[in-house]
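I have placed the structure first, in the form of structure tokens, so that the comments after it can refer back to it.
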Amino acid sequence: MSRIGNAPIQIPKGVKIKTEGQTIAVEGPKGSLSFDVPEPISFAVDGEVISFKRPNDQRSVRALHGMSRAMTNNMVVGCSVGFKKTLEIIGVGYRAIVKGKNIDLTLGFSHPVSYPLPEGVTAEVDKDNKLHLMSADKALLGSVAADIRRYRPPEPYKGKGVRYLGERIIRKEGKARGKK
Numbered sequence: 083m084s085r086i087g088n089a090p091i092q093i094p095k096g097v098k099i100k101t102e103g104q105t106i107a108v109e110g111p112k113g114s115l116s117f118d119v120p121e122p123i124s125f126a127v128d129g130e131v132i133s134f135k136r137p138n139d140q141r142s143v144r145a146l147h148g149m150s151r152a153m154t155n156n157m158v159v160g161c162s163v164g165f166k167k168t169l170e171i172i173g174v175g176y177r178a179i180v181k182g183k184n185i186d187l188t189l190g191f192s193h194p195v196s197y198p199l200p201e202g203v204t205a206e207v208d209k210d211n212k213l214h215l216m217s218a219d220k221a222l223l224g225s226v227a228a229d230i231r232r233y234r235p236p237e238p239y240k241g242k243g244v245r246y247l248g249e250r251i252i253r254k255e256g257k258a259r260g261k262k
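For what it's worth, my numbering labels the leading residue of the sequence shown as 83, then goes sequentially.
Structure follows, in structure tokens:
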């Protein structure tokens with residue numbers, strides 16, 4: 083019994099669903115996305131509801147059932163409302179500047195780092211040195227946030243670096259504190 087795969091997806095107002103074979107295309111105010119549903123999984127669009135069915139209870143088919151429903155739900159939510167990830171840039175002199183389709187990061191290196199934003203992702207920086215990334219595609223957004231964080235992950239002694247909003251860093255004691 084799959085709780086995720088069997089849950090129907092409600093289609094919000096302003097979102098259009100198009101199906102062709104095993105492909106689901108979602109179009110909304112925030113963008114348009116498509117997904118190819120794996121072969122053993124079948125789906126049906128009934129008015130304002132999308133439902134998914136599986137032919138048997140094999141382990142691999144059960145996994146595809148839940149994954150297909152989750153991917154489709156992410157597309158519907160992304161095209162209607164959109165997704166947002168926030169990165170905190172912590173450190174003296176560390177900052178980010180958005181210039182067109184690039185993010186220029188000053189992270190304590192001898193040179194600035196320029197990260198080109200992929201198509202479908204937008205960014206803005208507020209006064210508190212927080213970088214807000216927005217996209218309709220949840221997987222692409224997570225990948226972009228991870229790439230930016232990878233330039234300078236938070237270090238455990240002073241906590242400087244790029245971290246997700248609300249991420250807890252376990253701090254370590256410095257070597258001077260341990261001596262007696």
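C-beta: ideal position from N, C-alpha, C; glycine also. All values derive from a computational prediction rather than experimental measurement.
Would DSSP call residue i helix, strand or coil?
i	result
Ile86	helix
Val108	strand
Ala178	strand
His263	Shown here, the chain extends from 83 to 262; a query on residue 263 therefore has no answer.
Leu146	helix
Gly113	strand
Val163	coil
Lys95	coil
Arg245	strand
Lys240	coil
Val158	helix
Lys257	helix
Using beta-carbon positions only, say whether residue i and residue j come within less than 8 Å of one another.
i	j	result
Gln140	Glu121	no
Ile106	Asn155	no
Gly243	Glu249	no
Ala178	Val207	yes
Tyr246	Leu187	no
Val127	Val158	no
Asn184	Ser192	no
Val226	Pro194	no
Pro111	Gly129	no
Ile123	His147	yes
Could you round the C-beta distance between residue i and residue j to whole angstroms and report it? I think they count as a contact, below 8 Å.
i	j	result
Arg231	Leu189	Arg231 to Leu189, Cβ: 11 Å. No contact.
Gly87	Gly202	Wrong, their Cβ atoms sit about 27 Å apart, outside the cutoff.
Ser116	Phe134	Wrong, their Cβ atoms sit about 16 Å apart, outside the cutoff.
Lys167	Leu223	6 Å
Lys254	Tyr239	6 Å
Following a CB-centred definition, is residue i positioned closer than 7 Å to any heavy atom of the ligand HEM?
i	result
His193	As far as ligands go, the structure on display features none, and thus does not contain the ligand HEM.
At 3 residues or longer, and completely inside the segment 182–235: list those beta strand (DSSP E) runs for me, N to C. 184–188, 195–198, 203–207 and 212–217
Three-pair Cβ contact test at 8 Å for the segment 198–214 versus the segment 156–163: no
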